[in-house]
Amino acid sequence: MSTARGGPAEGGDVTDRPAVPETPPAAAEVFGDQLPVAERYVELLAGPGHDQGVIGPRELPRLWERHVLNSAAVGEVLPVGATVVDIGSGAGLPGVPLALARPDLAITLLEPMARRVAWLERVVDELGLGVTVVRGRAEERETRRRCGESDVVTARAVAPMGRLATWSLPLVRPGGTLAAMKGASAASEVERDLKEIRAAGGEDCRVVRCGVGDAATTVVLVSRSERRGTSPGSGRRARGRKDRARD
């Protein structure tokens with residue numbers, strides 16, 4: 001693989017892997033002195049990440065804007081010093097860019113697939129990140145025991161809002177927030193799934209825009225109810241597990 005800065009990257013023929021995309025000027029502002037680490041992350045995504053199937057070939061030219069800067073933009077709505085569980089972390093999105101842009105956050109990367117867990121552990125080790133990697137599904141009791149209740153749960157391209165709220169809100173402390181990265185139809189998705197979100201213990205749903213330009217993203221913020229007796233996910237947890245098993 002050849003990099004944007006020239007020369008072969010990590011043990012590959014320069015002709016057998018796509019080039020690493022150039023670093024956009026906005027990246028320096030977002031990542032500051034962590035920019036070299038963010039650039040190394042992009043190199044890992046474009047090289048071994050592509051080879052191992054954690055990122056598709058069509059995404060490589062737009063790794064910065066659509067994936068890395070896009071994910072880091074979520075940090076605009078997260079409180080200082082928050083504990084964060086990134087569910088279905090996959091390639092490390094949005095968790096890894098958040099860890100680089102917001103080093104004050106205490107982040108756990110939650111992923112059910114063994115090969116992706118191995119990938120995340122490699123990324124964390126090579127980048128020297130102070131984050132935790134956990135293998136598991138958000139809806140599993142053991143996962144909830146291991147992760148506890150966090151200030152924020154983040155999710156990107158995991159599930160429709162109703163199902164996502166059912167799975168993830170039990171990992172959020174009362175008064176905490178689910179921050180779900182969504183597309184242009186986010187508002188209509190919230191409206192469609194509002195009953196299910198509320199049944200899961202969610203309230204005060206808001207759709208906000210984070211970031212600017214090509215790296216902008218839509219985020220749905222759902223607060224977990226602080227009312228006594230609220231049981232997130234009640235009545236839908238078993239169905240959620242069956243749905244996930246079929247995905």
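With UniProt numbering applied, the sequence shown closes on residue 247, and no number is skipped along the way. We treat Cβ as the ideally placed atom computed from N, Cα and C, and that holds for glycine.
State the CB to CB distance for the pair residue i and residue j, rounded to an integer number of angstroms; the pair is presumed to be in contact (CB under 8 Å).
i    : j    : result
G95  : V152 : In fact, because the Cβ distance is near 11 Å, the residues do not count as touching under 8 Å.
L105 : L127 : Not really, about 15 Å apart at Cβ, beyond 8 Å.
L178 : V172 : 6 Å
W224 : G176 : Going by the sequence as given, residue 224 is Arg instead of Trp. About 5 Å; that satisfies the 8 Å criterion.
A155 : M113 : With a Cβ gap of about 15 Å, A155 and M113 do not count as contacting.
V158 : I87  : 6 Å
S89  : L60  : Incorrect: roughly 19 Å between the Cβ atoms, too far for contact.
Can you look up residue i in the DSSP assignment and give me helix, strand or coil?
i    : result
R173 : strand
T132 : strand
L194 : helix
L120 : helix
R206 : strand
S223 : strand
A72  : helix
V152 : strand
A215 : helix
L63  : helix
V20  : coil
V84  : strand
A199 : helix
A179 : strand
G49  : helix
Return the first residue and the last residue of the alpha helix (DSSP H) that residue i is part of.
i    : result
T108 : From DSSP, T108 is part of no alpha helix (DSSP H) but of the beta strand (DSSP E) over 106–111.
T143 : 141–147
T166 : 161–168
V96  : 95–101
P25  : From DSSP, P25 is part of no alpha helix (DSSP H); its letter is neither H nor E.
V37  : 35–44
Short of 7 Å in beta carbon distance, which residues of its chain neighbour residue i, apart from the five on each side in sequence? Order them along the chain.
i    : result
V124 : V131, V133
R102 : G75, L78
V117 : E111, V133, R135
Report all residues from its chain with a CB closer than 6 Å to the CB of residue i; omit the five preceding and five following residues, and keep chain order.
i    : result
C205 : V190, V222
G211 : A73, T217
P174 : R224, E226
For the beta strand (DSSP E) containing residue i, name the first residue and the last one.
i   : result
V77 : Neither: V77 is in no beta strand (DSSP E) and is coded neither H nor E.
- Query: Looking at C-beta atoms only, is the number of pairs between the stretch 138–147 and the stretch 214–225 that lie closer than 8 Å three or more?
  - Reply: no
- Message: With three or more C-beta pairs closer than 8 Å as the rule, is the stretch 19–28 touching the stretch 97–111?
- Response: no
- Query: Just checking, does the stretch 27–41 make contact with the stretch 68–76 on the three C-beta pairs under 8 Å criterion?
  - Reply: yes
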